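What follows is a set of notes on a single structure, which appears directly below.
2 protein chains.
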Amino acid sequence: MKNIYMIGIGLIGGSFAVDIKNNNPEVKIYGIDANENHLDEALKLGVIEEKATLDNLENADLVIVSIPVDATVKLLPIILDKISDNTLVVDAGSTKEAICKVVEHHPKRRNFLAAHPIAGTENSGPSAAISGLYKGKTNIICEVEKTTFKLQEKALDLFRAIGMRIRYMDPVSHDKHIAYVSHLSHISAFMLGKTVINKEKNERDIFDMAGSGFASTVRLAKSSPAMWTPIFKQNKENVIETLEEYINNLQKFKELMQQDNFSEIFNEMENTNYIKQILNGIK
Amino acid sequence: MKNIYMIGIGLIGGSFAVDIKNNNPEVKIYGIDANENHLDEALKLGVIEEKATLDNLENADLVIVSIPVDATVKLLPIILDKISDNTLVVDAGSTKEAICKVVEHHPKRRNFLAAHPIAGTENSGPSAAISGLYKGKTNIICEVEKTTFKLQEKALDLFRAIGMRIRYMDPVSHDKHIAYVSHLSHISAFMLGKTVINKEKNERDIFDMAGSGFASTVRLAKSSPAMWTPIFKQNKENVIETLEEYINNLQKFKELMQQDNFSEIFNEMENTNYIKQILNGIK
Numbered sequence: 000m001k002n003i004y005m006i007g008i009g010l011i012g013g014s015f016a017v018d019i020k021n022n023n024p025e026v027k028i029y030g031i032d033a034n035e036n037h038l039d040e041a042l043k044l045g046v047i048e049e050k051a052t053l054d055n056l057e058n059a060d061l062v063i064v065s066i067p068v069d070a071t072v073k074l075l076p077i078i079l080d081k082i083s084d085n086t087l088v089v090d091a092g093s094t095k096e097a098i099c100k101v102v103e104h105h106p107k108r109r110n111f112l113a114a115h116p117i118a119g120t121e122n123s124g125p126s127a128a129i130s131g132l133y134k135g136k137t138n139i140i141c142e143v144e145k146t147t148f149k150l151q152e153k154a155l156d157l158f159r160a161i162g163m164r165i166r167y168m169d170p171v172s173h174d175k176h177i178a179y180v181s182h183l184s185h186i187s188a189f190m191l192g193k194t195v196i197n198k199e200k201n202e203r204d205i206f207d208m209a210g211s212g213f214a215s216t217v218r219l220a221k222s223s224p225a226m227w228t229p230i231f232k233q234n235k236e237n238v239i240e241t242l243e244e245y246i247n248n249l250q251k252f253k254e255l256m257q258q259d260n261f262s263e264i265f266n267e268m269e270n271t272n273y274i275k276q277i278l279n280g281i282k
Numbered sequence: 000m001k002n003i004y005m006i007g008i009g010l011i012g013g014s015f016a017v018d019i020k021n022n023n024p025e026v027k028i029y030g031i032d033a034n035e036n037h038l039d040e041a042l043k044l045g046v047i048e049e050k051a052t053l054d055n056l057e058n059a060d061l062v063i064v065s066i067p068v069d070a071t072v073k074l075l076p077i078i079l080d081k082i083s084d085n086t087l088v089v090d091a092g093s094t095k096e097a098i099c100k101v102v103e104h105h106p107k108r109r110n111f112l113a114a115h116p117i118a119g120t121e122n123s124g125p126s127a128a129i130s131g132l133y134k135g136k137t138n139i140i141c142e143v144e145k146t147t148f149k150l151q152e153k154a155l156d157l158f159r160a161i162g163m164r165i166r167y168m169d170p171v172s173h174d175k176h177i178a179y180v181s182h183l184s185h186i187s188a189f190m191l192g193k194t195v196i197n198k199e200k201n202e203r204d205i206f207d208m209a210g211s212g213f214a215s216t217v218r219l220a221k222s223s224p225a226m227w228t229p230i231f232k233q234n235k236e237n238v239i240e241t242l243e244e245y246i247n248n249l250q251k252f253k254e255l256m257q258q259d260n261f262s263e264i265f266n267e268m269e270n271t272n273y274i275k276q277i278l279n280g281i282k
């Protein structure tokens with residue numbers, strides 16, 4: 000590998016760029032981004048080495064696409080049009096069904112690997128790019144059998160080199176399950192933030208009362224709306240289903256409180272303490 | 000100060016004991032707890048130096064009450080009955096109205112200081128006690144004017160020595176605001192945990208898909224039901240109000256999704272990003 004093109008150089012793409020360059024000093028990292036300021040910033044920070052455009056992609060050995068998922072759906076067929084026969088294209092989108100669908104009949108489908116690295120922070124942009132973001136994290140690969148064996152191998156070597164665990168899954172199951180363990184968490188945090196801000200907007204110093212518990216629970220409400228709006232749009236049906244179940248559970252909790260059924264409130268919480276065992280497996 | 004009695008020697012009481020002893024090696028820390036195993040554990044861990052009972056309280060210079068808030072309401076009048084005229088009693092309950100109410104006409108009311116240290120982790124029991132838990136954290140003091148000046152001063156010196164900031168508030172306002180910035184976060188996390196566990200209970204390895212975002216948002220669902228059930232009970236009206244607003248906000252978000260109104264979904268999230276500025280002030 001010599002020429003690596005990062006399409007999108009924010010938190011996800013930028014962190015890939017940093018670790019790939021660290022592991023392979025001989026490669027050259029090119030950056031493509033719709034936001035010219037981000038490109039300048041990435042260049043200044045050393046996240047990328049040179050700016051590029053889509054027309055340069057024929058020179059790419061590897062293209063990593065880390066942009067909002069609506070942009071990925073639009074751009075991915077064009078990217079595949081422009082690459083060489085030996086180029087590997089990997090995406091990093093939080094949805095997988097629509098992305099796999101849009102290229103299913105593309106003549107270069109076998110040059111594409113659909114991936115979802117389960118890693119990130121609530122920060123965004125090139126300045127959020129950090130080394131080690133992917134160490135010990137899971138990378139979910141969808142439809143691996145649709146990628147040329149040689150390029151699969153190249154991608155897996157790359158992911159393993161930066162410390163990722165690989166899991167295989169079909170795109171429909173991915174989108175269904177990720178709605179529970181990721182998308183719902185974001186809505187839960189955003190609406191918690193909204194509820195508290197609305198209530199306390201005229202009483203700012205009330206936030207003096209907020210401790211680390213609130214900070215942790217609401218942390219994801221700092222996430223980028225530009226990134227998350229298209230995720231919710233593409234995974235609409237699954238996300239609505241998780242939201243309905245979440246609202247029903249909250250509603251039931253409220254009714255138990257209204258009925259003064261605090262022994263059942265206790266049980267609800269005790270049963271959910273089982274999350275301890277689950278979280279022990281999550282970094 | 001010579002003899003300090005900790006009633007409750009879990010996360011909150013135990014962490015007080017550790018730091019007070021560190022700052023005042025000359026004091027002796029006694030432990031009282033309904034759970035004999037916890038007492039033994041606290042003794043073994045060095046969190047307390049000697050076991051005691053309520054009948055020893057006449058010797059106390061300071062009593063810190065860190066037990067579930069329903070137990071505090073029952074025990075606080077009995078504790079005040081047993082102390083000397085010079086003893087300071089401080090509680091650490093997450094609700095303040097019922098606790099202040101139950102001792103409002105007690106002849107020793109002026110020996111009591113109502114406090115809520117906004118600090119903690121999701122862990123519980125003596126093994127959860129840690130040094131430095133209170134450093135830089137807020138301690139909300141209610142009805143300060145009802146405590147003897149000399150004992151107020153003693154308490155404030157103690158809290159400042161372990162690094163706490165002091166805020167004064169009336170108990171009714173405390174309970175109203177803490178419902179938003181603390182109690183609701185716990186329910187939000189518990190119900191998120193429940194929703195995901197219910198959905199994924201037959202598919203354990205799906206939790207491989209959960210990243211640090213889920214772990215952070217659901218963290219408080221590890222909290223102790225024995226501690227939290229009486230908090231929700233004592234703060235029932237305020238908590239129900241916050242839950243209703245939270246459910247309404249989630250419901251509205253769901254409806255926006257159903258209506259494909261993703262520009263408004265974007266706005267909802269962007270407005271809530273304001274939480275960034277707020278969280279910058281929270282450790």
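Heads up: the protein sequence lines correspond to chains A and B, in order. If you read the first sequence in numbering that gives the first Met the number 0, its first letter stands for residue 0, the second for the next number, and so on. If you read the second sequence in numbering that gives the first Met the number 0, its first letter stands for residue 0, the second for the next number, and so on. The beta-carbon is built from N, C-alpha and C at its ideal position, and this holds for glycine as well. In this text, all values refer to a predicted model and were calculated from it rather than measured experimentally.
Check your understanding: If you draw a straight line from the alpha carbon of residue 177(A) to that of residue 93(A), how long is it in whole angstroms?
Key -> Reading the first sequence from its first residue, position 178 is the one you call residue 177(A). Reading the first sequence from its first residue, position 94 is the one you call residue 93(A). Taking the straight line joining both Cα atoms gives about 8 Å.
Practice item. Thinking residue 64(B) and residue 6(B) are a contact (beta carbons under 8 Å), I'd like their distance in whole angstroms, please. Key: Taking the first residue of the second sequence as position 1, residue 64(B) is located at position 65. Taking the first residue of the second sequence as position 1, residue 6(B) is located at position 7. With a Cβ gap of about 5 Å, residue 64(B) and residue 6(B) count as contacting.
**Study point:** Proximity winner among 60(B), 27(B), 31(B), 54(B), relative to residue 66(B) (alpha-carbon distances)
**Key:** The residue you call residue 66(B) lines up with position 67 of the second sequence. Of the listed residues, the one whose Cα sits closest to residue 66(B) is 31(B).
Point to revise | Span of the beta strand (DSSP E) around residue 27(B) | key: In the second sequence, the residue the question calls residue 27(B) occupies position 28. Start and end: 27-31.
Practice item. Can you tell me the Cβ-Cβ gap for residue 245(A) and residue 183(A), rounded? I've got them flagged as a contact below 8 Å. Key: Taking the first residue of the first sequence as position 1, residue 245(A) is located at position 246. Taking the first residue of the first sequence as position 1, residue 183(A) is located at position 184. Rounded, the Cβ-Cβ distance is 6 Å, consistent with contact.
Practice item. Mind checking which residues open and close the beta strand (DSSP E) that includes residue 115(A)? Key: Position 116 of the first sequence, counted from the first residue, corresponds to residue 115(A). Unbroken beta strand (DSSP E) run through residue 115(A): 111-117.
Exercise for review: To the nearest angstrom, report how far apart residue 233(A) and residue 45(A) are at their CA atoms.
Suggested key: Counted from its first residue, the first sequence places residue 233(A) at position 234. Counted from its first residue, the first sequence places residue 45(A) at position 46. Their Cα atoms are separated by approximately 33 Å.
Review point. If you drop the 5 nearest sequence neighbours on each side, which residues of the same chain put their C-beta closer than 7 Å to that of residue 23(B)?
Key: Here residue 23(B) is taken as the residue at index 24 of the second sequence, counted from 1. Once the five neighbours on either side are set aside, the close Cβ partners of residue 23(B) are 0.
Practice item. Report the partner residues of residue 87(B) according to the DSSP bridge assignment. Key: Along the second sequence, read from residue 1 onward, the residue named residue 87(B) stands at position 88. According to DSSP, residue 87(B) bridges with 61(B).
Point to revise | is_contact[residue 250(B), chain A] using C-beta, thresh 9 Å | key: The count along the second sequence starts at 1 and reaches residue 250(B) at position 251. It does; some Cβ of chain A falls within 9 Å.
Practice item. Compile a chain-ordered list of the residues in the region 250-271 of chain B whose CB is closer than 9 Å to at least one CB of chain A. Key: 250, 251, 252, 253, 256, 257, 259, 261, 262, 264, 265, 266, 267, 268, 269, 270, 271
Review point. Taking buried to mean at least 16 other C-beta atoms within 10 Å of its own C-beta, is residue 18(B) buried or exposed?
Key: Translated into positions along the second sequence, residue 18(B) becomes position 19. Residue 18(B) is buried by the Cβ-count criterion.
Check your understanding: Cβ of residue 197(B) less than 9 Å from any chain A Cβ?
Key -> Taking the second sequence and counting its residues from 1, one reaches residue 197(B) at position 198. It does; some Cβ of chain A falls within 9 Å.
Review point. Which word fits residue 20(A), buried or exposed, when buried means at least 16 other C-beta atoms lie within 10 angstroms of its C-beta?
Key: Within the first sequence, residue 20(A) is the residue found at index 21, counting from 1. Buried is the call here.
Practice item. Could you name the residues of chain A that residue 50(B) contacts, counting a contact when the two beta carbons are closer than 8 Å? Key: Sequence index remark: in the second sequence, residue 50(B) carries index 51 (1-based). Those do not exist, as residue 50(B) stays about 28 Å from chain A at its closest Cβ, beyond 8 Å.
**Study point:** Contact residues within the region 212-223 of chain A, judged by C-beta distance below 9 Å to chain B
**Key:** 212, 213, 214, 215, 216, 217, 218, 219, 220, 221, 222, 223
Check your understanding: How would you list, in chain order, the residues of chain B whose beta-carbon sits under 7 Å from the beta-carbon of residue 166(A)?
Key -> As a working note, residue 166(A) is residue 167 in the first sequence. Within 7 Å Cβ-Cβ: 207.
Review point. Is there a Cβ from chain A that is less than 9 Å from the Cβ of residue 104(B)?
Key: Against the second sequence, residue 104(B) aligns to sequence position 105. False, the Cβ-Cβ gap to chain A never drops below 9 Å.
Check your understanding: Which full runs of the alpha helix (DSSP H) of 4+ residues lie inside the region 140-223 of chain B, going along the chain?
Key -> 148-160, 170-177, 183-199, 211-217
**Study point:** residue 282(A) classed as buried or exposed, judged by whether at least 16 other C-beta atoms fall within 10 angstroms
**Key:** Taking the first residue of the first sequence as 1, we reach residue 282(A) at position 283. Because the pLDDT at residue 282(A) is just 46, under 50, the model does not fix this residue reliably, and the value given afterwards should be weighed accordingly. When all chains shown are included, residue 282(A) counts as exposed.
Exercise for review: Grab the span of the alpha helix (DSSP H) containing residue 2(A) for me, first residue to last.
Suggested key: Mapped onto the first sequence, residue 2(A) falls at position 3. Looking at the DSSP string, residue 2(A) is not in any alpha helix (DSSP H); the run it does join, the beta strand (DSSP E), is 2-6.
Exercise for review: May I have the straight-line CA-CA distance separating residue 179(A) from residue 70(B), to the nearest angstrom?
Suggested key: Looking up residue 179(A) in the first sequence gives position 180. Looking up residue 70(B) in the second sequence gives position 71. Cα to Cα, the separation comes out at about 37 Å.
Check your understanding: Does the pairing of the region 85-100 of chain B with the region 245-261 of chain B give three or more beta-carbon distances under 8 Å?
Key -> no
Practice item. Would you check if the region 42-62 of chain B and the region 162-171 of chain B touch, i.e. whether three or more CB-CB distances between them fall below 8 Å? Key: no
Point to revise | Cutoff 7 Å; reference residue 121(B); Cβ partners in own chain excluding five residues on either side | key: Within the second sequence, residue 121(B) is the residue found at index 122, counting from 1. Counting only Cβ-Cβ distances below 7 Å, and skipping sequence neighbours, we find 218, 219, 221, 222.
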